[in-house]
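Note sheet for the following structure.
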């Protein structure tokens, strides 16, 4: 997004740009939506390709790249976004980690509910209160495990797929241990 203002710091034009390339010492802008003000109305125009001259006068070293947040995209758009990032040789690790966490999330909730149920059945006293306490405890373990594994993936100690899958594997192990304790 580029916002142009006049000398009095008033809104002049705004450009939303899908893609920009530095070609022959100038910017080529693709998928450009231009907004400008005419009296009280805001007019919008769309350009497939637009020469960036007089819009962007900075060299690539001075441009900050801002990527979409993967958290705001639905599942199919997120998959497309990851494909676009891979095609452009950009960092896609955060988006991929978010995608894999979305896939594993439902399995973790099922495992969490089984764990809480098993512990509540094992204790047999005040099942509602114990169930609530177990839910809180395992939710804390869940959030901490995701944070730790995400941190390890960011540092490069774990691959993204393994870091996404480890909390689920951790809950499977916890369920197995709790189930064995109950059956004894």
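Residue numbers (the working numbering): 427 to 610.
Each residue gets a CB set at the ideal place from its N, CA and C atoms; glycine is no exception.
6 Å Cβ shell around residue i - same chain, five flanking residues per side excluded
| i | result |
| --- | --- |
| residue 473 | 458 |
| residue 525 | 504 |
| residue 533 | 594 |
| residue 605 | 544 |
| residue 422 | One cannot answer for residue 422 here, as it falls past the ends of the chain, which runs 427 to 610. |
| residue 511 | 518 |
| residue 446 | 453, 455 |
| residue 580 | none |
8 Å Cβ shell around residue i - same chain, five flanking residues per side excluded
| i | result |
| --- | --- |
| residue 449 | none |
| residue 470 | 459, 460, 461 |
| residue 572 | 527, 593 |
| residue 479 | 452, 453 |
| residue 568 | 534, 538, 593, 597 |
| residue 515 | none |
Opposing strand residues paired with residue i [DSSP bridges]
| i | result |
| --- | --- |
| residue 453 | 448 |
| residue 476 | 455 |
| residue 467 | 464 |
Residue interval of the alpha helix (DSSP H) (run including residue i)
| i | result |
| --- | --- |
| residue 511 | 501 to 513 |
| residue 590 | 586 to 609 |
Contact belief for residue i with residue j at Cβ below 8 Å, rounded distance in angstroms
| i | j | result |
| --- | --- | --- |
| residue 586 | residue 531 | Not quite, the Cβ-Cβ distance comes to about 15 Å (not below 8 Å), so this is no contact. |
| residue 576 | residue 589 | 6 Å |
| residue 456 | residue 468 | With a Cβ gap of about 22 Å, residue 456 and residue 468 do not count as contacting. |
| residue 607 | residue 548 | 7 Å |
Spatial neighbours of residue i in its chain, beta-carbon cut-off 7 Å, leaving aside the 5 residues before and after
| i | result |
| --- | --- |
| residue 600 | 541 |
| residue 508 | 518, 521, 522, 525 |
| residue 596 | 571 |
| residue 499 | 507 |
Beta carbon proximity, residue i to chain C, threshold 7 Å
| i | result |
| --- | --- |
| residue 475 | Although the question refers to chain C, the structure presented lacks it and comprises just one protein chain. |
Option nearest residue i by Cα separation, candidates the options
| i | options | result |
| --- | --- | --- |
| residue 578 | 607, 593, 608 | 593 |
| residue 561 | 538, 582, 581 | 538 |
| residue 501 | 481, 529, 477 | 529 |
| residue 477 | 574, 451, 465 | 451 |
| residue 439 | 447, 609, 464, 510 | 464 |
| residue 626 | 554, 513, 566, 479 | This structure leaves residue 626 out entirely; the chain is present only between 427 and 610. |
| residue 441 | 433, 482, 514, 466 | 482 |
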